[in-house]
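Here the sequence shown is numbered in the working numbering, starting from -1 and rising by one per residue.
Scroll down for the structure; my scribbles are underneath it.
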Amino acid sequence: MWFRMLGPLEVISGGQPISLGGSKQRATLGYLLLHPNQTVPISGLLKALWSVEEAPMTARKILQNSIWSLRRKLVNDTAAEVPVALRTQPPGYSLDVPLDRVDLHLFHQWVREGRSRLEAGEADAAATLLGEALELWRGPALADLTEAGLLWPELTTLQSMRLDVLEDLFEAQLACGRHYAVLGELESLVENEPLRERACGQLMRALYRCGRQSDALGVFSRLRARLVEELGLEPSRELQLLQQAILTHDPALQLAPAPGAPYSVQGSSALLLGAETATAPRPLGPRAVPDSPAPAPSQPSLQNPAPRPHHAGPAPVPALALAKAPLQPDDATPEPDGEPPAPTRPPVQGSGPGPQRPALRAVLPTPVPRPAPRAPFPADGAAPRNDAPTAHASDPAPPAPGTGTPAAASAVRREASLLLVRAEPDPASTDAGELDAVMDGVGTLVHQEIERCGGTVVFSLHALTLALFPADPDDTGYPLRAARAATALRTALTASTSPAAAAPVSARTELRTAVATGAVLVSQSLGGSRPPRVYGATVKECEALLALATSDGTHVCDRTREETKEYFAYEEIPGTPVRWKLLGDIGPDPDTEDDAHLRELDLLQGVMTHSSRWSQPHLITVLSTEDAPRRRMLCKLENFATSALDGAQVLTWDSRDAAESGPFGLHRRIISRFAGLSKSDPPWAVRRKVSAAVQRLDAGKSCINWLVARCTSVLETSNRSPERFDADEWRDVWRYFVEAVAHDGPIVLIIDNLHLEDAATRELVGLIARLPGRIPLTVVAGADPELLRHADWTSDRGLATTVLLDQPADEELTCAEDACLPVP
């Protein structure tokens, strides 16, 4: 029985996962596994299970039921080779489990061995051990529990330790001369963790050895600026000395790899200007070293590598596999049918039996940061193995005729959209004999649709496919192409009437897609034919979106939605990070869209410009019985306000926002948006921010205090109406507030589906549109023509423009003309 904590919590018995039940049972097991073979008090368990909320009166009963259920599933498991005991031990409970069956313990064990090798100067063996330890991670530790809202300090410590071990791995790789191989991952780490000085120093050294001295100095400059601005600190002395060494081209910065070492870059001798150093440089930052590190086991000879073990099952895909596909040796010999005898190693004095870990297969010199992944957990009942993992180097094979030496990799940073697809057949409706044929058909169809939409497949493994849609100087529609590829795939794979999908494929395939847009680091072999490799935070964001996506839609990031909201309808999904669900097209393809409303668009853009320039509040009403043309018009007006009106402050609102915010939601949104409030602000911070926003008014202190009190009373309103003042007083509140925040730039309010809003919202929109004074304010209201029939939507407007986007009925036209007539 294996316990996997470095990712979603899993218990594997007999090669199959065990169902752990509800969230409280999983949380109980997860917390006990964080303290194995120790008595955890009941009070500690209750605090862990209800870490962000008050425990109910029945909390102890819930805990007892969880313990009882876990005992039935774990202790009474007949398929388990290793016994597990969940004992009641006053003052709490204890989970007795062999530590070598918990991936977290194996991670600590292999990290200790790797750090011991690194301290001893055995950089290659250290890189192997540390790389294997990191491959145990399948995502954030106990990711399913953190998604459920549980916050434990032990998990924060684990995540920090993971970053420390990653820096140790980079240190070992740099000591082996593999600066080209780790450059992409180093840049990604520094981008995500910009204040980690040790990683910044490693990136500076890697960039310098790759001949990019100016980029290395740029890393130091950005780190120093951020430390000074945010913390008031200067970089450490080690980093300052490293900067000076780069400026003077200190020969000690160069580290030549040993001849024939794995991952060496051919033809890079021109960059190695200094003399070779015999030992690896010391790490820039302090690193915790275990008090009693395990002695390093003896390593087999490189000329007689140990045989590779036969694995019982397929190896799991590590998280980094989304960004790159590991290269397998071309001359790998086939596995024998039987299990080969385990290689023996001489006993080491003072060391116990090591964790069950098969030896690494031989690796050819290829520019990848560490060996190919392997299964970290052997099946239950497998023979214990005491061989240490070693990387075996061999003499480089002579290149094939006409191929020359391997090409160096050129990495560039560019804007792009990433489409991550998981398309796999439903096992319940697919025969085992058809699975290979179905997967082949699905993979072919996914590649064809991606290429048809202008994308490039950069990674494909089983059901996962990662596609790159790079920015083109002549065409900035790369997010739109990625979103259209996602919708085309859904149509082809799930619509039974689609001519592009075969019947067995479309009816039996579960599809999950995610689109993320941002800056990525693209590494392409110079003169090579391999697909590019993609690194960076955008890859991780796309992976996180896919993990949260369901089979009934496409999840996109906030930037993708902003770039494509003119063509697709989206629904915001609550939670962190901000993500959106793609609902479908809202109009025709941009290449075939007609120009029926260009004159109306020009007219309304001119009205918005006039209102902003002359500080005159203006109401624009866009009427249409169809949602699609109205949404397109409002999106174009929003884009125009953002790009053409200098410093415009744009706020959008529609019926979906109203459904989530409740009564008087628009009232609170306006004050929160322009006062810079967040949902987590305490009352004292709300009052301080509102006060700062209205201080721009040329008014006395008593007037300011009165205005702050009225605005905060609106924010305290959730399911009840604000304090009842007369209409003139509320008009003065909104007039003074809008006039104060308009000092930061013209204000544009865009409200869609106004005919579906309640009376209080329509009253607020009409009130703001009639504000007196010189205020750069434009209110754009989109609605069905039935809005004109509402009794509370009067035609008493100072400056107003109404546009009909479709041919109205006679009675609607008459009503609209009456509404547009000036008031005598």
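Each residue gets a CB set at the ideal place from its N, CA and C atoms; glycine is no exception.
Predicted model only: the values in this text are computed from it and were never measured.
- prompt: Using a beta-carbon distance below 8 Å, is L602 in contact with chain C?
  reply: Absence of chain C from the displayed structure is noted, only one protein chain being present.
- prompt: Between the C-alpha atoms of S622 and L416, what's the straight-line distance to the nearest angstrom?
  reply: Counted from its first residue, the sequence shown places residue 622 at position 624. Counted from its first residue, the sequence shown places residue 416 at position 418. Going from the Cα of S622 to the Cα of L416 covers about 35 Å.
message: Taking the straight line between their C-alpha atoms, what separation do you get for Q647 and T607?
response: Position 649 of the sequence shown, counting from 1, holds the residue named residue 647. Position 609 of the sequence shown, counting from 1, holds the residue named residue 607. Cα to Cα, Q647 sits roughly 14 Å from T607.
Pick from E560, T511, S67 that is closest to E541, judged by C-alpha positions: Position 543 of the sequence shown holds residue 541. Considering only alpha carbons, the answer is T511.
- prompt: How many Å lie between A330 and V455 at the Cα?
  reply: As a first step, residue 330 must be located in the sequence shown, where it is residue number 332. As a first step, residue 455 must be located in the sequence shown, where it is residue number 457. In this predicted model, A330 has a pLDDT of only 38, less than 50, meaning its place in the structure is not dependable enough to derive any value.
query: Can you tell me where the alpha helix (DSSP H) with E191 in it begins and where it stops?
result: As a first step, residue 191 is located in the sequence shown; it is residue number 193 there, counting from the start. That residue, E191, is in no alpha helix (DSSP H); it is neither H nor E in DSSP.
field: Three CB pairs or more closer than 8 Å across the region 113 to 130 and the region 64 to 72
entry: Fewer than three Cβ pairs drawn from the region 113 to 130 and the region 64 to 72 lie within less than 8 Å of each other, which leaves the two stretches out of contact.
query: Below 8 Å between beta carbons: does that hold for L4 and K71?
result: Along the sequence shown, one-based indexing puts residue 4 at 6. Along the sequence shown, one-based indexing puts residue 71 at 73. Contact flag unset, no.
query: Do you know how far the Cα of Y734 is from the Cα of K699?
result: Here residue 699 is taken as the residue at index 701 of the sequence shown, counted from 1. Here residue 734 is taken as the residue at index 736 of the sequence shown, counted from 1. Looking at the backbone, the Cα of K699 and that of Y734 are separated by about 14 Å.
field: Residues bridged to D583 (per DSSP)
entry: On the sequence shown, position 585 is the one that residue 583 refers to. Beta-bridge pairing links D583 to F566.
message: With H, G and I counted as helix, E and B as strand and the rest as coil, what does DSSP make of H247?
response: Working through the sequence shown from its first residue, we reach residue 247 at position 249. Coil, per DSSP.
query: Are the region 136 to 150 and the region -1 to 14 in contact at 8 Å, needing three or more beta carbon pairs?
result: Yes: at least three Cβ pairs fall under 8 Å.
query: In three-state terms, what does DSSP make of R696?
result: Indexing the sequence shown from 1 puts residue 696 at position 698. The question names Arg, but residue 696 is Asp in the sequence shown. Coil, per DSSP.
- request: Please work out which residues of its chain come closer than 6 Å, Cβ to Cβ, to L769, disregarding the five sequence neighbours upstream and downstream, and give them in chain order.
  value: For the purposes of this step, residue 769 is taken as the residue at position 771 of the sequence shown. Only residues of its own chain outside the window of five on either side were considered, and among them P615, R733 have a CB closer than 6 Å to the CB of L769, listed in chain order.
message: Is it buried or exposed, G645, if we count other Cβ atoms within 10 angstroms and call 16 or more buried?
response: Locating residue 645 in the sequence shown gives position 647, where the first residue counts as 1. Classification for G645: exposed.
- request: Kindly indicate which three-state DSSP category E784 falls into: helix, strand or coil?
  value: One-based indexing of the sequence shown puts residue 784 at position 786. The three-state reading of DSSP puts E784 in helix, counting H, G and I together.
- request: Could you give the DSSP three-state label for P15: helix, strand or coil?
  value: On the sequence shown, residue 15 is found 17 positions in, with the first residue counted as 1. Strand, per DSSP.
query: How long is the line joining the alpha carbons of P233 and E195, rounded to whole angstroms?
result: The residue given as residue 233 occupies position 235 in the sequence shown. The residue given as residue 195 occupies position 197 in the sequence shown. A direct Cα-Cα distance of roughly 8 Å separates P233 from E195.
- request: Quick one: residues in its chain with C-beta nearer than 7 Å to the C-beta of A833, no 5 flanking neighbours on either side, listed in chain order?
  value: Look at the range of the chain in this structure, -1 to 822, and you will see that residue 833 is not part of it.
- prompt: CB L664 to CB T759, shorter than 8 Å?
  reply: What you label residue 664 is simply residue 666 of the sequence shown in a count that begins at 1. What you label residue 759 is simply residue 761 of the sequence shown in a count that begins at 1. One thing to note: L664 has its Cβ within 8 Å of the Cβ of T759.
C-beta atoms of V854 and T485 nearer than 8 Å: Past the boundaries of the shown model lies residue 854; the chain is included only from -1 to 822, so the question cannot be answered.
message: Within the continuous alpha helix (DSSP H) that includes L153, where are the two ends?
response: Looking up residue 153 in the sequence shown gives position 155. Counting along the chain, the alpha helix (DSSP H) containing L153 begins and ends at 151 to 173.
query: What separation, rounded to the nearest whole angstrom, lies between the Cα atoms of D652 and F218?
result: Mapped onto the sequence shown, residue 652 falls at position 654. Mapped onto the sequence shown, residue 218 falls at position 220. Here the alpha carbon of D652 sits roughly 46 Å from the alpha carbon of F218.
task: Leaving aside the five residues before and after L487 along the sequence, list all residues of the same chain whose C-beta is less than 7 Å from its C-beta, in chain order.
output: Residue numbering aside, residue 487 sits at position 489 when the sequence shown is read from its first letter. Correct list, in chain order: V419, V444, E447, L509, T511.
query: What span of residues does the alpha helix (DSSP H) with S21 cover, start to end?
result: By one-based count along the sequence shown, residue 21 stands at place 23. Counted as a single uninterrupted DSSP element, the alpha helix (DSSP H) harbouring S21 occupies residues 21 to 32.
query: Taking R628 as the reference, which of R531, R58, I748, F672 has the closest Cα?
result: One-based indexing of the sequence shown puts residue 628 at position 630. The closest CA to that of R628, considering only R531, R58, I748, F672, is found on I748.
Completely contained beta strand (DSSP E) runs for the region 442 to 473, where each covers 3 or more residues: Runs found: 454 to 459, 462 to 468.
message: Under 8 Å, with one C-beta from each stretch per pair, do the region 187 to 207 and the region 220 to 231 reach the 3-pair mark?
response: When C-beta atoms of the region 187 to 207 are compared with those of the region 220 to 231, three or more pairs fall below 8 Å, so the two segments count as touching.
query: Would you call the region 776 to 786 and the region 680 to 695 in contact, with 3 or more CB pairs under 8 Å?
result: At 8 Å Cβ cutoff, the stretches do not touch.
- request: Using alpha carbons as the reference points, say which of R450, W791, G12 lies closest to A490.
  value: Position 492 of the sequence shown, counted from the first residue, corresponds to residue 490. Checking every option, the nearest Cα to that of A490 belongs to R450.
Residues that V620 bridges to, as DSSP identifies them: As a working note, residue 620 is residue 622 in the sequence shown. Beta-bridge partners of V620 (DSSP): G780, V801.
message: If I measure Cβ to Cβ from L271 and keep anything under 8 Å in the same chain, skipping five residues before and after, which residues do I get?
response: Mapped onto the sequence shown, residue 271 falls at position 273. Per-residue confidence for L271 stands at a pLDDT of 30, beneath the threshold of 50, marking its modelled position as unreliable; the derived number appears in the next sentence. H247, P249, Q252, listed in sequence order.
- prompt: Is the distance from the Cβ of T457 to the Cβ of A414 below 8 Å?
  reply: Counting from 1 along the sequence shown, the entry for residue 457 is found at position 459. Counting from 1 along the sequence shown, the entry for residue 414 is found at position 416. The sequence shown places Phe at residue 457, rather than the Thr named in the question. Between F457 and A414, the C-beta spacing is not below 8 Å.
- request: State the CB to CB distance for the pair N35 and D94, rounded to an integer number of angstroms; the pair is presumed to be in contact (CB under 8 Å).
  value: Numbered from its first residue, the sequence shown carries residue 35 at position 37. Numbered from its first residue, the sequence shown carries residue 94 at position 96. That pair is a contact at about 6 Å.
message: On the criterion of 16 or more Cβ atoms from any shown chain inside 10 Å, does G175 qualify as buried, or is it exposed?
response: In the sequence shown, the residue the question calls residue 175 occupies position 177. Flag for G175 reads buried.
message: Let me check understanding here. Comparing Cα to Cα, which of A131, S114, A83 lies closest to L104?
response: Your numbering for residue 104 matches position 106 in the sequence shown. Among A131, S114, A83, the Cα nearest to that of L104 is on A131.
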